[in-house]
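Structure record follows, encoded as structure tokens.
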Amino acid sequence: MNTTISNSSLKASIKQAGAELFSITDHQNNEYIWEGNPAFWAKHSPVLFPIVGTLKNNTYTISGKEYQLPRHGFARDMEFELIAQTENSAVFSLQSNTETLQKYPFEFELQLIYTLEEKELTIGYKVINKGNHPLPFSIGAHPAIALPGAFEKYSFKFEKEELLKYNLLENDLISDRTEVLEKTANVVHLRYKLFENDALVFKTLASNSITILENNIPYVKVHFKDFPSLGIWTKEQAPFVCIEPWFGYSDTAGNSGDLFQKEGIVVLEANQTFDSKFSIQILQ
Numbered sequence: 229m230n231t232t233i234s235n236s237s238l239k240a241s242i243k244q245a246g247a248e249l250f251s252i253t254d255h256q257n258n259e260y261i262w263e264g265n266p267a268f269w270a271k272h273s274p275v276l277f278p279i280v281g282t283l284k285n286n287t288y289t290i291s292g293k294e295y296q297l298p299r300h301g302f303a304r305d306m307e308f309e310l311i312a313q314t315e316n317s318a319v320f321s322l323q324s325n326t327e328t329l330q331k332y333p334f335e336f337e338l339q340l341i342y343t344l345e346e347k348e349l350t351i352g353y354k355v356i357n358k359g360n361h362p363l364p365f366s367i368g369a370h371p372a373i374a375l376p377g378a379f380e381k382y383s384f385k386f387e388k389e390e391l392l393k394y395n396l397l398e399n400d401l402i403s404d405r406t407e408v409l410e411k412t413a414n415v416v417h418l419r420y421k422l423f424e425n426d427a428l429v430f431k432t433l434a435s436n437s438i439t440i441l442e443n444n445i446p447y448v449k450v451h452f453k454d455f456p457s458l459g460i461w462t463k464e465q466a467p468f469v470c471i472e473p474w475f476g477y478s479d480t481a482g483n484s485g486d487l488f489q490k491e492g493i494v495v496l497e498a499n500q501t502f503d504s505k506f507s508i509q510i511l512q
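Heads up, the sequence shown is in my numbering, so the first residue is 229 and it goes up one at a time.
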């Protein structure tokens, strides 16, 4: 089941499965979200919760007891409930249940709030700790921006002048190896070779946004002021690129396994609420 919201400039469509955004179109019917062709990647823009990335051995511990979670957690594969809708907004909810408690022993509600304003879609995340104990979690976005032209015609412009140092992944875990993106006037030219070791993982960034340029003309801008970390990813020859704002990232090789001690984890106190948001702005 799908939900569509719209305004005078854009239309956005969201699946109830995973509350996953799968389309942003303008009035010329230009599509800005990856179509989900499984030959490359069958997703569009999944939510990553209650972990981002991969756990060492897909395992973590709480009070010495072992649990298992798949890469990026389980929320993206679960059915959300549509709890509110207007012409230009929609709110989806996932609540802990017997299935989630077996692999993640915490009571929670996760809401995804989609709002269209002019040529911008804002995606809000609300995590509510419904239990009586602290709740450790990571949350992240994974929107795949469609690139209709040749990949090499696109580039990134980072908001701020900074050293673009990123960590490399090894066996899906964060390694100590780092590299620096080459740039000219804050612009990084895209090429598939950048992603030969999987995603580029920026533990911290000064920039609060990235603009995708098509033939040096602004195309799409992703704003992520609330998020401390960022992943950038694509697959060989795929006509999309993912700009992924994150709270948290994959385990490091030396991680203890204790979820409360995991690098980048957010700990939400009992009966408290966490809010964050990012947005996708169409510039054409």
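Every residue, glycine too, gets a C-beta built ideally from N, C-alpha and C. Here the structure is a predicted model, which means the values were calculated and not measured.
Measuring only the C-alpha atoms, how far is residue i from residue j?
i, j, result
"F250", "I233", "12 Å"
"I460", "V429", "7 Å"
"E337", "F455", "20 Å"
"V494", "S366", "6 Å"
"L458", "G292", "30 Å"
"T350", "T439", "16 Å"
"N285", "H300", "13 Å"
"T511", "K347", "Note that residue 511 is Leu in the sequence shown here, rather than Thr. When rounded, the distance between both Cα atoms is 8 Å."
"F384", "V319", "31 Å"
"I242", "L375", "20 Å"
"I341", "E335", "20 Å"
"N357", "L496", "7 Å"
"K331", "E294", "9 Å"
"T231", "Q244", "7 Å"
"F261", "T326", "Contrary to the premise, residue 261 reads as Ile rather than Phe in this sequence. Approximately 33 Å between the Cα atoms of the pair."
"G488", "A378", "According to the sequence provided, residue 488 is Phe. The question's Gly does not apply to it. Each residue's alpha carbon lies about 43 Å from the other."
"V355", "S324", "11 Å"
"F268", "L322", "28 Å"
"S504", "S317", "16 Å"
"V469", "K421", "13 Å"
"R405", "N235", "45 Å"
"K490", "L433", "20 Å"
"P364", "F423", "30 Å"
"Q256", "Y447", "15 Å"
"I279", "G476", "7 Å"
Classify residue i: buried if its beta carbon has 16 or more other beta carbons within 10 angstroms, exposed otherwise.
i, result
"A369", "buried"
"R419", "exposed"
"R304", "buried"
"M229", "exposed"
"P266", "exposed"
"P362", "exposed"
"G482", "exposed"
"N395", "buried"
"K453", "exposed"
"K449", "buried"
"E472", "buried"
"T282", "buried"
"S273", "buried"
"T328", "buried"
"I311", "exposed"
With distances taken Cα to Cα, identify the nearest neighbour of residue i among the options.
i, options, result
"H417", "I445, N425, L396, A434", "I445"
"G485", "T287, F268, V275, I261", "T287"
"K463", "E346, T406, G264", "G264"
"P298", "Q313, F277, N230", "F277"
"E410", "K393, K490, T343, F452", "K393"
"W474", "A466, L487, Q489, H451", "H451"
"D426", "E327, L397, N499", "L397"
"G492", "L340, Q509, I402", "I402"
"E389", "Y353, D400, N436", "N436"
"N360", "I373, A498, T412", "A498"
"S507", "S324, L344, L322, V280", "L344"
"A240", "A466, T314, F302, M306", "T314"
"F308", "A434, A247, V415", "A247"
"I373", "Y353, H255, A413, K271", "K271"
"E387", "T289, A413, I252, P333", "A413"
"Q465", "E380, Q509, K431, T501", "E380"
Please name the residue or residues paired with residue i in a DSSP beta bridge.
i, result
"K393", "V408"
"E464", "Per DSSP, none; premise fails for E464."
"E398", "L401"
"S234", "K239"
"G352", "I341, K505"
"F228", "Nothing about residue 228 can be reported from this structure: the residues present for the chain run from 229 to 512 only."
"H451", "S437, S507"
"V275", "Per DSSP, none; premise fails for V275."
"N414", "Bridge partners of N414: none, in fact."
"E259", "T253"
"G368", "L276, W474"
"F386", "I438"
"N357", "F336"
"A245", "E307"
"P446", "L441"
Please confirm if residue i has its CB atom under 8 Å from at least one CB of chain D.
i, result
"K381", "Absence of chain D from the displayed structure is noted, only one protein chain being present."
Q | 3-residue-minimum beta strand (DSSP E) runs that sit fully inside the stretch 286 to 339, ordered along the chain | A | Within the stretch 286 to 339, the complete beta strand (DSSP E) runs of at least 3 residues are 287 to 290, 293 to 296, 309 to 314, 317 to 323.
Q: Could you pull out every unbroken beta strand (DSSP E) segment of at least 3 residues lying fully inside the stretch 453 to 507, listed in chain order?
A: Complete beta strand (DSSP E) runs here, min 3: 457 to 461, 468 to 475, 494 to 496.
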